[in-house]
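Take a look at the structure set out below.
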Amino acid sequence: MTQIHLVPLANAPDLRRLEVLAVALSRTFRTACRIRIADIDISPTLDPSRRQYHSTAILQRLAGTFEPGCRILGVTDYDLFVPVLTFVFGEAQVDGVCAVVSTARLREERYGMPPREDLLRERLLKEAAHELGHTFGLRHCPDWRCVMASSHAVERIDVKGAQFCDQCRRAIG
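Residue numbers for the sequence shown follow my numbering, beginning at 226 and rising by one.
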């Protein structure tokens, strides 16, 4: 299986959180996962009226950044959107190589609760695995326990598992 490169983007989570994510993704995808530092300017993707970053435009900036044969996951703390939705936790090129996730709406503080690093890490892993699953051609899974189940609210992330169901696991190899 191809390597996964985690790319901290502007306003990225701290390096320790990314290291923990890299180890977890290595286990989930059974492949090497490395943190790669790159100077990718995402400031042009900001929509000032929304105060959010356009995730599709970020994917375009990530594309072709690293050597062929790897998957790229950009990670940021900035809030993301696509024009037809209020926000997204992340986005991926289906059957492509690039994905991006944001911790902005994964944090308990966003919902008036005290910070919980354990919950943030769990949510980040689920969303990262979900978006990377799309790069392998996976669509949303009807099994609510599968990491590929659709999540339009943070509560949905919390109830689904961090692993692929058997059918989705077979599809990614």
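For each residue, glycine too, the CB sits at the ideal point set by N, CA and C. Quick caveat: nothing in here was measured; it's all calculated off a predicted structure.
Local Cβ density within 10 Å of residue i, reported as buried at 16 or more and exposed below that
i, result
"residue 336", "exposed"
"residue 392", "exposed"
"residue 274", "exposed"
"residue 311", "exposed"
"residue 374", "buried"
Straight-line Cα distance separating residue j from residue i
i, j, result
"residue 319", "residue 296", "12 Å"
"residue 347", "residue 359", "19 Å"
"residue 371", "residue 316", "17 Å"
"residue 351", "residue 277", "22 Å"
"residue 257", "residue 364", "23 Å"
"residue 382", "residue 334", "16 Å"
"residue 285", "residue 376", "23 Å"
"residue 325", "residue 353", "8 Å"
Contact under 9 Å by Cβ, residue i with residue j
i, j, result
"residue 279", "residue 271", "yes"
"residue 243", "residue 237", "yes"
"residue 250", "residue 265", "no"
"residue 291", "residue 261", "yes"
Distance between beta carbons of residue j and residue i, contact taken as under 8 Å
i, j, result
"residue 345", "residue 299", "At roughly 17 Å, the Cβ-Cβ gap does not stay under 8 Å, so residue 345 and residue 299 are not in contact."
"residue 329", "residue 303", "6 Å"
In chain order, each beta strand (DSSP E) run of at least 3 residues that lies wholly inside the region 245-283: 258-260 and 277-279
Any beta strand (DSSP E) of 3 or more consecutive residues that is wholly inside the region 275-351: 277-279, 295-301, 315-317 and 323-327
Beta strand (DSSP E) segments (min. 3 residues) lying fully within the region 362-393: none
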